[in-house]
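Visitor: In the UniProt record's numbering, the protein residues as written are 1 to 296.
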Amino acid sequence: MATALTDKLSRLVKEMRGQARITESNVQDMLREVRMALLEADVALPVVRDFIARVKEKALGQEVMGSLSPGQALVGIVSKELAATMGEGVSDINLAAQPPAVILMAGLQGAGKTTTTAKLAKHLIEKRKKKVLTVSGDVYRPAAIEQLKVVTKQAGAEWFPSTPDQKPADIARAALDYAKRHFFDVLLVDTAGRLAIDEALMNEIKELHAILKPIETLFVVDAMQGQDAVNTAKAFKEALPLTGIILTKTDGDSRGGAALSVRQITGAPIKFSGTSEKLDGLEVFDAERHAGRILG
Ligand code: GDP
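Given below as C-alpha cells:
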C-alpha cells in the first residue's frame, strides 16, 4: 500500500534497512513514531495505546520478506491494521426491513446531521431507487426544521412537516404513520443536536428509538472533532444500539484520527464519509485511503 509517511517515519524506515527481522529493539523507535503520528492525527490516547499494542504483537518476530526492510514491513503492518480496523464491516445502508425502513440520525449539534440526512436521501433516491421521506425532531431550533425542509427539497425527497410546539415522540409517530400510509420505502429521522452530552436529550433520542425501531441508527461525527470524539461516541453508544457511523467533513484539513477512535469505541462500521457541504458530497468510506491520511 502506498502511504505517505511523516519525515521521521520515512527516515526510520531507511535506517532499518539491512536488518532481517522485526525485533523488540528495532521496533521501539518505529512504534514511538507511529504513536506520535496517531496522536498528531488526533486519535484518542487509549485508542492509540490499544492499537500500538496490537501492532506490536502482530509484528514481533516476523521475517522480513524479499526486498522489504523491517521498517517498511512494519509500516505495512501498521497501515494494514489501521485500514482493517477502520474498514471492518463497511457496507451500504441496510434497508432490509418491512417498509418504511427507518433511519435514525444521532450526533452532536454541528456534526452535520441535517446535511447528511439530505445527502443520504439523495443517495437512496439516486442509487437505490427508493421513495424517501424526511422528518425533523429538532423542536428546539425552528431553523433546523426549516433547514431540513430546504435540503430535502434539493435532494428530491419529500419532507414531513413538524413544528417546535410538538413533542419529538409525537412527530415520530405521525411521520411513521404517514410514511406507512403513503408507501415510502425509507423514513429518515433527523434529531435535535446536542452541544455536549446532555441526559435529557439522550433520553429523548432513546424514546425516539423505541418508537421508531429503526433498522439503522447512524452516529454522525465530525472528522475534525479530535480527542473529544471518544467521549461523544461512548455516550451515544451507551444510549443507542448504533449500527453505523458517518464521518463528516473529511474534506477539512484534519488528519481524521477520529475515525479510528470512534470505530474502536462504538464497534459500529463507518459507512460513509462526507466530502463537501454539497448534497453530492457523500462517499462510501474508503478505509485504506483514510489510513494513509492518518499516517501522512
Ligand atoms: P447538524 O447541526 O448536525 O444538523 O449540522 P449541519 O448539517 O447543520 O452542518 C453543520 C455545518 O457543517 C454546515 O455548515 C454544513 O454545511 C457543514 N457540513 C456538513 N457536512 C459537511 C462535510 O462533509 N463537509 C463540509 N465541508 N461541511 C459539511
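Where a beta carbon is used, it is the ideal one built from N, C-alpha and C, also for glycine.
1. Hey, would you say the C-beta of valine 262 is under 8 Å away from at least one heavy atom of the ligand GDP?
2. What is the DSSP secondary structure of glutamate 277, counted as helix, strand or coil?
3. Do you know offhand how far lysine 113's Cα is from alanine 223's?
4. Quick one: complete beta strand (DSSP E) runs, 3+ long, within the region 217 to 274?
5. Does the beta carbon of leucine 108 fall short of 8 Å from some heavy atom of the ligand GDP?
6. Provide the residue span of the beta strand (DSSP E) that contains alanine 44, from first to last.
7. How many Å lie between glutamate 288 and glycine 87 at the Cα?
8. Histidine 105 bridges to which residues according to DSSP?
9. How about alanine 73: is its C-beta nearer than 9 Å to some C-beta of chain B?
10. Give a yes or no on whether the C-beta atoms belonging to leucine 74 and isoleucine 22 are separated by under 9 Å.
11. Would the C-beta of glycine 281 count as close to the ligand GDP, meaning under 8 Å from any of its heavy atoms?
12. Since I believe leucine 218 is in contact with lysine 119 (beta carbons under 8 Å), could you give me their beta-carbon distance rounded to a whole number of angstroms?
13. Could you check the C-alpha separation between alanine 2 and glycine 76 for me, to the nearest Å?
14. Consult DSSP for arginine 49 and reduce its assignment to one of helix, strand or coil.
15. Do you know how far the Cα of threonine 275 is from the Cα of serine 10?
16. In whole angstroms, what separates the C-alpha of glutamine 72 from that of serine 79?
17. Can you tell me whether arginine 128 is helix, strand or coil according to DSSP?
18. With distances taken from CA atoms, which of Glu216, Lys56, Ala196 and Phe183 is nearest residue 376?
19. In the DSSP assignment, find the alpha helix (DSSP H) that holds glutamate 63 and state where it starts and stops.
20. Identify whether threonine 191 lies in helix, strand or coil by the three-state DSSP scheme.
21. Between the region 91 to 105 and the region 225 to 234, do at least 3 Cβ pairs fall closer than 8 Å?
22. Does alanine 21 come out as helix, strand or coil in the three-state DSSP assignment?
23. Check for me: the alpha helix (DSSP H) holding glutamate 204 runs from which residue to which?
24. Which word fits lysine 130, buried or exposed, when buried means at least 16 other C-beta atoms lie within 10 angstroms of its C-beta?
25. What do you reckon, is the C-beta of alanine 196 under 8 Å from a heavy atom of the ligand GDP?
26. Please report the distance separating the alpha-carbon of threonine 163 from that of methionine 30.
Guide: Well, looking at it:
1. One-based indexing of the sequence shown puts residue 262 at position 262. No, since every heavy atom of the ligand GDP falls outside the 8 Å radius drawn around the Cβ of valine 262.
2. As a position in the sequence shown, residue 277 is number 277, starting the count at 1. Assignment of glutamate 277 by DSSP, reduced to helix, strand and coil, places it in the coil class.
3. Taking the first residue of the sequence shown as position 1, residue 113 is located at position 113. Taking the first residue of the sequence shown as position 1, residue 223 is located at position 223. Near 13 Å, if we compare the C-alpha coordinates of alanine 223 and lysine 113.
4. Annotation: the region 217 to 274 contains the following complete segments of the beta strand (DSSP E) (minimum length 3 residues), in chain order: 244 to 248 and 270 to 274.
5. The sequence position of residue 108 within the sequence shown is 108, counting from 1. Result yes, Cβ under 8 Å from the ligand GDP.
6. Mapped onto the sequence shown, residue 44 falls at position 44. Where alanine 44 is concerned, there is no enclosing beta strand (DSSP E), given that its DSSP letter is neither H nor E.
7. The residue labelled residue 288 in the question sits at position 288 within the sequence shown. The residue labelled residue 87 in the question sits at position 87 within the sequence shown. In a straight line, the C-alpha of glutamate 288 is about 8 Å away from that of glycine 87.
8. As a working note, residue 105 is residue 105 in the sequence shown. In the sequence as presented, histidine is not what sits at residue 105; that position holds methionine. Paired residues: Leu218.
9. Of the protein chains in the structure, only one exists, and it is not chain B.
10. Counting from one through the sequence shown, the residue named residue 74 turns up at place 74. Counting from one through the sequence shown, the residue named residue 22 turns up at place 22. A contact, by the Cβ cut-off of 9 Å.
11. On the sequence shown, residue 281 is found 281 positions in, with the first residue counted as 1. Yes.
12. Within the sequence shown, numbered from 1, the residue matching residue 119 stands at position 119. Within the sequence shown, numbered from 1, the residue matching residue 218 stands at position 218. Between leucine 218 and lysine 119 the Cβ distance is about 11 Å, and since that is not below 8 Å, they are no contact.
13. Residue numbering aside, residue 2 sits at position 2 when the sequence shown is read from its first letter. Residue numbering aside, residue 76 sits at position 76 when the sequence shown is read from its first letter. Low local confidence applies: a pLDDT of 42 at alanine 2 is under 50, so the model's placement there is unreliable, with the coordinate-based value given in what follows. Near 9 Å, if we compare the C-alpha coordinates of glycine 76 and alanine 2.
14. Counted from its first residue, the sequence shown places residue 49 at position 49. When DSSP states are grouped into helix, strand and coil, arginine 49 belongs to the helix group.
15. Locating residue 10 in the sequence shown gives position 10, where the first residue counts as 1. Locating residue 275 in the sequence shown gives position 275, where the first residue counts as 1. Threonine 275 has its alpha-carbon roughly 29 Å from the corresponding atom of serine 10.
16. On the sequence shown, residue 72 is found 72 positions in, with the first residue counted as 1. On the sequence shown, residue 79 is found 79 positions in, with the first residue counted as 1. About 10 Å.
17. Counting from one through the sequence shown, the residue named residue 128 turns up at place 128. Coil, per DSSP.
18. Summary: the structure shown does not reach residue 376, with the chain confined to residues 1 through 296, and so no result is reported for it.
19. The residue given as residue 63 occupies position 63 in the sequence shown. Looking at the DSSP string, glutamate 63 is not in any alpha helix (DSSP H), and its letter there is neither H nor E.
20. Stepping through the sequence shown from its first residue, residue 191 is reached at position 191. DSSP, read as helix, strand or coil, puts threonine 191 in coil.
21. Contact between the region 91 to 105 and the region 225 to 234 is absent, with fewer than three C-beta pairs closer than 8 Å.
22. Sequence index remark: in the sequence shown, residue 21 carries index 21 (1-based). A small correction: the amino acid at residue 21 is arginine; alanine does not occupy that position in the sequence shown. In the three-state scheme derived from DSSP, where H, G and I count as helix and E and B as strand, arginine 21 is classed as strand.
23. Looking up residue 204 in the sequence shown gives position 204. Per DSSP, glutamate 204 belongs to the alpha helix (DSSP H) from 199 to 212.
24. What you label residue 130 is simply residue 130 of the sequence shown in a count that begins at 1. Buried.
25. Here residue 196 corresponds to residue number 196 of the sequence shown, with the count starting at 1. Taking the Cβ of alanine 196 as the reference point, every heavy atom of the ligand GDP lies at 8 Å or farther away.
26. Locating residue 163 in the sequence shown gives position 163, counting from the first residue. Locating residue 30 in the sequence shown gives position 30, counting from the first residue. When rounded, the distance between both Cα atoms is 56 Å.
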